[in-house]
Amino acid sequence: MSGVFLSKGLFPSDFFQPTVDFILNCQQDDGSIPWFEGSYADPWDHTEAAMALSIGGEWDAAAKAYQWLADNQLDDGSWWAAYKAGEIDNGERRESNFVAYIATGVWHHYLISHNKNFLKRMWPTVERAIEFVLSLQSEHGDIQWAVKPNGSPKMDALITGCSSIYKSLECAINIAVTMGEDSAEWVAARESLGDALRNKPERFDRTWESKARYSMDWFYPVLTGVLSKTQSQARLKERWDEFVEPELGCRCVSDEPWVTIAESCELTMALLAAGDHARAVNVYSWLHQWRLEDGSYWTGYQFVQDVLWPDEKPTWTAGAILLAADALTEYTPAAKLFTEVNLLSEGKSVPTSSTLIK
Numbered sequence: 008m009s010g011v012f013l014s015k016g017l018f019p020s021d022f023f024q025p026t027v028d029f030i031l032n033c034q035q036d037d038g039s040i041p042w043f044e045g046s047y048a049d050p051w052d053h054t055e056a057a058m059a060l061s062i063g064g065e066w067d068a069a070a071k072a073y074q075w076l077a078d079n080q081l082d083d084g085s086w087w088a089a090y091k092a093g094e095i096d097n098g099e100r101r102e103s104n105f106v107a108y109i110a111t112g113v114w115h116h117y118l119i120s121h122n123k124n125f126l127k128r129m130w131p132t133v134e135r136a137i138e139f140v141l142s143l144q145s146e147h148g149d150i151q152w153a154v155k156p157n158g159s160p161k162m163d164a165l166i167t168g169c170s171s172i173y174k175s176l177e178c179a180i181n182i183a184v185t186m187g188e189d190s191a192e193w194v195a196a197r198e199s200l201g202d203a204l205r206n207k208p209e210r211f212d213r214t215w216e217s218k219a220r221y222s223m224d225w226f227y228p229v230l231t232g233v234l235s236k237t238q239s240q241a242r243l244k245e246r247w248d249e250f251v252e253p254e255l256g257c258r259c260v261s262d263e264p265w266v267t268i269a270e271s272c273e274l275t276m277a278l279l280a281a282g283d284h285a286r287a288v289n290v291y292s293w294l295h296q297w298r299l300e301d302g303s304y305w306t307g308y309q310f311v312q313d314v315l316w317p318d319e320k321p322t323w324t325a326g327a328i329l330l331a332a333d334a335l336t337e338y339t340p341a342a343k344l345f346t347e348v349n350l351l352s353e354g355k356s357v358p359t360s361s362t363l364i365k
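This is how it looks when you write it as structure tokens:
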């Protein structure tokens with residue numbers, strides 16, 4: 008199916024229920040959500056899929072997914088790169104943006120469920136995770152992208168990864184404020200990180216080839232609130248023709264004829280953040296030609312060879328589909344998480360929605 012045009016107040020629950028069910032059916036008994044059946048789970052993509060469960064009203068399953076993270080957190084607050092069948096599948100590194108993303112997921116679930124007990128239960132896990140991430144922040148504000156097995160940092164930073172952390176810090180600060188905890192150091196760290204992302208390009212890609220060919224480096228500073236609306240509009244306009252294929256979606260990298268559904272969903276939300284609602288609706292409408300009968304979505308499409316590639320239907324792609332749909336329709340109280348910056352200050356609480364989705 009293609010040509011699904013969404014607008015505020017029009018969330019097609021029946022259409023998306025199979026997608027929610029697809030993620031739910033992939034979830035393991037321990038709460039982990041692998042990429043697909045038989046694959047591994049990584050902390051970031053696991054969280055992306057868990058957020059979709061919250062949107063779909065599967066609150067218990069979402070809470071179980073976050074509990075899996077709590078149960079597998081290492082003493083230093085981090086997680087390994089991947090897990091499979093209850094075992095470490097990739098113990099080569101622990102990535103800072105993977106670790107930070109739990110704050111985004113936990114805050115997202117709280118915005119939807121308003122379950123304060125859940126927030127209290129997850130607070131120690133979030134606090135340890137954020138402290139681990141900030142231990143990797145340099146004096147210039149950037150955050151090292153990973154640590155080696157022995158805990159020593161891999162000394163370089165990624166624009167996409169640090170942008171993701173920037174949003175996670177917003178969420179972590181909001182959790183701390185809601186819990187009545189001091190967040191002053193996190194606020195300062197977020198300000199320093201934002202300054203690095205906006206004004207210190209030399210702090211990124213220092214030891215490898217620039218990642219500028221990746222579309223995420225292009226739109227993630229927009230998606231995560233690093234840039235103002237005016238800056239965001241200019242940034243998206245500058246490289247639009249490099250990355251966007253009309254009627255197909257957003258390329259993963261500028262020099263490969265391959266559009267990916269998850270990046271296209273994230274671009275949809277970035278467009279909303281930049282105030283470009285019309286193009287957000289349009290880009291999202293292209294994506295459902297890659298949907299299968301069970302509600303899952305292919306990773307991407309290679310449009311020169313006319314092949315769906317790789318032969319995978321990831322849970323995190325399904326998660327991105329639901330996050331973008333929520334952002335377009337404003338279906339849940341968390342709908343604006345990736346399209347607006349809403350940093351709570353002490354004494355300020357989250358507005359209670361009169362209508363909660365379950």
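Residues 8 to 365 (the numbering used here) make up the sequence shown, in order.
For each residue, glycine too, the CB sits at the ideal point set by N, CA and C.
To the nearest angstrom, how far is it from the Cα of residue i to the Cα of residue j?
i: Phe-139; j: Ala-72; result: 21 Å
i: Thr-54; j: Ala-179; result: 15 Å
i: Gln-296; j: Gly-84; result: 40 Å
i: Asn-104; j: Lys-91; result: 20 Å
i: Ser-20; j: Ala-59; result: 13 Å
i: Ala-341; j: Glu-177; result: 14 Å
i: Ala-219; j: Phe-125; result: 39 Å
i: Arg-286; j: Ala-280; result: 12 Å
i: Trp-293; j: Glu-146; result: 43 Å
i: Glu-94; j: Pro-50; result: 13 Å
i: Gly-232; j: Gly-158; result: 30 Å
i: Leu-329; j: Gln-24; result: 10 Å
i: Leu-234; j: Asp-37; result: 38 Å
i: Gln-144; j: Gly-10; result: 44 Å
i: Tyr-308; j: Leu-118; result: 34 Å
i: His-121; j: Asp-262; result: 44 Å
i: Ser-39; j: His-284; result: 34 Å
i: Tyr-108; j: Trp-247; result: 27 Å
i: Ala-70; j: Ala-110; result: 13 Å
i: Gly-64; j: Thr-339; result: 10 Å
i: Glu-192; j: Ser-217; result: 31 Å
i: Pro-264; j: Thr-306; result: 14 Å
Nearest to residue i by alpha carbon, out of the options?
i: Met-3; options: Leu-76, Tyr-338 and Asp-283; result: This structure does not reach residue 3, given that the chain is present from 8 up to 365, and the question cannot be answered.
i: Phe-7; options: Leu-279, Val-290, Ala-280 and Leu-234; result: No information on residue 7 is available, as it lies outside the stretch 8 to 365 that the chain covers here.
i: Pro-316; options: Arg-258, Ala-277 and Leu-329; result: Here the sequence assigns Trp to residue 316, which means Pro is not the residue at that position. Checking every option, the nearest Cα to that of Trp-316 belongs to Arg-258.
i: Ala-136; options: Ile-95, His-121, Leu-81 and Asp-52; result: Leu-81
i: Pro-160; options: Arg-101, Ala-57 and Thr-275; result: Arg-101
i: Trp-215; options: Ala-48, Ala-57 and Trp-152; result: Trp-152
i: Ala-269; options: Ala-285, Ala-325 and Val-314; result: Ala-325
i: Ala-334; options: Leu-294, Val-288 and Thr-306; result: Val-288
i: Leu-31; options: Ala-57, Ala-48, Trp-51 and Phe-226; result: Ala-57
i: Arg-210; options: Asp-189, Ile-166 and Leu-234; result: Ile-166
i: Met-223; options: Met-186, Thr-237 and Thr-275; result: Thr-275
i: Val-106; options: Ala-69, Gly-98, Gly-64 and Ser-175; result: Ser-175
i: Gly-112; options: Gly-187, Ser-171, Gln-144 and Glu-263; result: Ser-171
i: Trp-86; options: Lys-343, Ala-48 and His-115; result: Ala-48
i: Leu-200; options: Ala-241, Trp-225, Asp-248 and Ile-150; result: Ile-150
i: Glu-198; options: Asp-313, Ser-239, Val-314 and Gly-148; result: Gly-148
i: Ala-327; options: Lys-343, Cys-272 and Asp-313; result: Cys-272
Any heavy atom of the ligand NAD inside 6 Å of the beta-carbon of residue i?
i: Trp-130; result: Absent from the structure shown: the ligand NAD. Ligands present: none.
Do residue i and residue j have their C-beta atoms within less than 7 Å of each other?
i: Glu-252; j: Val-266; result: yes
i: Thr-204; j: Cys-169; result: With the sequence shown as reference, residue 204 is identified as Leu, and Thr is not the correct amino acid for it. Yes, Cβ-Cβ distance for Leu-204 and Cys-169 is below 7 Å.
i: Tyr-304; j: Val-260; result: no
i: Val-133; j: Leu-351; result: no
i: Ala-277; j: Val-311; result: no
i: Lys-15; j: Thr-336; result: yes
i: Asn-79; j: Ala-89; result: no
i: Gly-282; j: Lys-236; result: yes
i: Arg-213; j: Asp-163; result: yes
i: Asn-181; j: Trp-225; result: no
For residue i, does the three-state DSSP call read helix, strand or coil?
i: Trp-323; result: helix
i: Val-314; result: strand
i: Gly-307; result: strand
i: Ile-95; result: strand
i: Ala-341; result: coil
i: Gly-256; result: strand
i: Gln-144; result: strand
i: Pro-19; result: coil
i: Pro-41; result: coil
i: Trp-369; result: The chain is shown from 8 up to 365; residue 369 falls before or after that span and cannot be answered.
i: Pro-156; result: coil
i: Val-368; result: Only positions 8 to 365 of the chain appear in the structure, and residue 368 is not among them; the question remains open.
i: Ala-241; result: helix
i: Glu-102; result: strand
task = Answer yes if the region 300-307 comes into contact with the region 337-353, meaning at least three C-beta pairs across the two stretches below 8 Å, and no otherwise.
result = Of all C-beta pairs linking the region 337-353 to the region 300-307, fewer than three are shorter than 8 Å, placing the two stretches out of contact.
request  = Would you check if there are 3 or more beta carbon pairs closer than 8 Å linking the region 40-48 to the region 321-332?
outcome  = Here the region 40-48 lies against the region 321-332, with 3 or more beta-carbon pairs under 8 Å apart.
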